[in-house]
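Structure record follows, encoded as structure tokens.
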Amino acid sequence: MSSTTKPAKILLVSASVGDGHTQAALAIKTALENQKLFTAQMVDFMAGENSYLNTLVKEAYLKLIDIFPDIYDLLYRFSQMPVPGSKVQSLMAMAMKRSMLKLIEAHRPDALICTHPFPCGAAAYLKRNHKINLPLIGVITDFAIHRFWCYRETDLYFVATPELKQQLARQNIDLSRIHATGIPVNEKFSHIPSQVELDSLRRLLGFANPHPVILIMGGGLGLGDLEQAVLALDTLPLPLNLVVVTGRNATLRRSLLSKAPNFVHPLKVLGYTRHIPEFMSVADLLITKPGALTISEALSMKLPLLLYQAIPGHEEENAAYLIGKGAALWSQNSHSLTATVHDLLANPQQISSMREMATQIGRPMASQAIAAIIWQKLFEPDFGSLSGGRFI
1 MSSTTKPAKI
11 LLVSASVGDG
21 HTQAALAIKT
31 ALENQKLFTA
41 QMVDFMAGEN
51 SYLNTLVKEA
61 YLKLIDIFPD
71 IYDLLYRFSQ
81 MPVPGSKVQS
91 LMAMAMKRSM
101 LKLIEAHRPD
111 ALICTHPFPC
121 GAAAYLKRNH
131 KINLPLIGVI
141 TDFAIHRFWC
151 YRETDLYFVA
161 TPELKQQLAR
171 QNIDLSRIHA
181 TGIPVNEKFS
191 HIPSQVELDS
201 LRRLLGFANP
211 HPVILIMGGG
221 LGLGDLEQAV
231 LALDTLPLPL
241 NLVVVTGRNA
251 TLRRSLLSKA
261 PNFVHPLKVL
271 GYTRHIPEFM
281 SVADLLITKP
291 GALTISEALS
301 MKLPLLLYQA
311 IPGHEEENAA
321 YLIGKGAALW
331 SQNSHSLTAT
341 VHDLLANPQQ
351 ISSMREMATQ
361 IGRPMASQAI
371 AAIIWQKLFE
381 PDFGSLSGGR
391 FI
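Rendered as structure tokens:
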């Protein structure tokens with residue numbers, strides 16, 4: 001880029017239904033800005049200041065998956081069906097088009113990146129009806145594709161795996177527009193510490209013994225019955241350290257802290273923290289619900305996974321992919337959880353094999369790859385087939 005070239009202005013639109021969509025957008029924002037070719041802004045499509053309707057949808061979604069997961073599962077599968085799914089898809093896009101147009105008019109970007117299907121659908125509707133004319137980019141943050149992601153108006157797609165590239169192409173999306181980069185994660189997850197660094201990091205994080213570290217997470221919202229899982233793990237007759245990340249679930253954090261003095265094993269209880277890369281570095285095993293961002297972060301750090309209590313629908317599909325690749329195991333309840341952890345810690349060879357599979361499928365540089373492809377495809381003069389997009 002010459003010194004006179006003006007950086008391209010990118011608007012990243014995430015959705016605060018869980019933490020993954022936001023973290024993916026933030027990772028892309030950092031990669032874009034590091035190239036010095038872009039300026040980037042992030043907005044939450046579901047925030048109240050952007051749309052009261054979108055906020056209601058968000059609250060209903062979170063209540064549904066927390067209280068009525070079976071109903072959510074039915075709705076997820078219903079919306080995947082061709083005829084009813086397409087009608088719901090169109091209705092959601094129409095309902096949210098005003099809030100998307102408001103955001104675009106406020107920020108006037110050169111290109112739009114969506115890390116959630118709702119804003120992508122609203123922007124696609126606006127393009128289809130000639131209300132906007134700018135490049136639209138979809139970053140699919142799961143190891144499965146829901147039909148709500150599928151719009152011919154989307155100029156570029158980024159997906160987790162080559163298998164998903166082919167799956168998306170079968171939805172009448174031009175194969176040349178789809179790139180299997182992996183799911184974008186913070187660049188901190190690309191650093192694998194040396195043994196000397198690990199020893200120092202263990203001391204810094206307060207591990208006073210050499211025993212295995214079991215990291216337990218429930219996503220940014222601290223969903224799932226983590227307390228039952230942690231109580232069950234404390235019954236294991238093996239030396240170990242337990243670290244629990246409760247996210248924004250303050251009730252869970254207070255409950256575990258009150259019980260910690262009575263635990264057999266050393267227990268650390270963390271709320272929402274920015275030190276996940278450090279704890280993943282020293283962990284021997286991660287127990288988590290299969291949110292795609294947490295999974296991708298763990299894979300980037302070659303960390304074996306034990307998946308627990310998936311949200312029906314997309315998280316179950318995430319789990320199935322990882323298990324099929326041999327990078328994870330899946331426990332459905334606290335009894336099988338403790339048995340599986342016991343067997344894994346007694347079988348270092350299986351842990352090593354899972355680390356190897358994580359190494360093979362992890363994509364720690366996904367966000368950098370996404371930034372490079374966006375520049376090449378949309379803005380670089382020799383390519384630039386979609387460049388110059390602006391308002392009509």
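With full-length UniProt numbering, letter number 275 in the sequence shown gets 275, and the count goes up by one each step, no holes.
Where is the CB? At the ideal position from N, CA and C, for every residue including glycine.
Excluding the 5 residues flanking it on each side, Glu380 has no same chain C-beta neighbour closer than 6 angstroms.
The segment 175-184 makes contact with the segment 157-166: 3 or more CB pairs, one atom from each, lie closer than 8 angstroms. Cβ atoms of Gly121 and Ala93 come within 8 angstroms of each other, at about 4 angstroms. Counting along the chain, Gly138 sits inside the beta strand (DSSP E) bounded by residues Leu136 to Val139. Taking 3 residues as the minimum length, the beta strand (DSSP E) runs contained wholly in the segment 143-218 are 156-159, 178-180 and 213-217, in order along the chain.
Fewer than three pairs of CB atoms, one per stretch, sit closer than 8 angstroms, so the segment 195-207 makes no contact with the segment 306-326. Annotation: Pro348 to Gly326 spans about 15 angstroms, alpha carbon to alpha carbon. Fully contained in the segment 307-347 are the following beta strand (DSSP E) runs of length 3 or more, in chain order: 328-331. Here Val17 carries a coil assignment [DSSP, helix/strand/coil].
For the 9 angstroms CB-CB criterion, Val57 and Leu12 do not form a contact. The three-state secondary structure of Val282, taken from DSSP, is helix. Per DSSP, reduced to three states, the secondary structure at Asp225 is coil, with no helix or strand assignment. In this structure, the alpha-carbon of Ala60 lies about 12 angstroms from that of Met46.
When the beta-carbon positions are compared, Ala40 and Leu293 stay at least 9 angstroms from each other. In terms of Cβ geometry, Arg363 and Ser300 form a close pair [threshold 9 angstroms]. Residue burial annotation: Leu307 is buried, with at least 16 other C-beta atoms found within 10 angstroms of its C-beta. By the neighbour-count criterion, in which 16 or more other beta carbons inside 10 Å mark a residue as buried, Ser258 falls on the exposed side. Runs of the beta strand (DSSP E) lying entirely within the segment 76-130, each at least 3 residues long, are 111-114 in chain order. Sequence-distant partners of Ala319 (beyond 5 residues in either direction) whose C-beta falls short of 6 angstroms from its own C-beta, in its chain, are Pro290, Leu307, Ala310 and Trp330.
Rounded to the nearest whole angstrom, the CA to CA distance from Leu337 to Leu233 is 8 angstroms. For Leu267, the enclosing beta strand (DSSP E) begins and ends at Leu267 to Leu270. The beta carbon of Asp284 sits closer than 6 angstroms to the beta carbons of Pro212 and Val213 from its chain, once the five residues preceding and following it are set aside; these are given in chain order.
The C-beta distance from Pro304 to Ala366 rounds to 20 angstroms, too long to fall under 8 angstroms, and the pair is not in contact.
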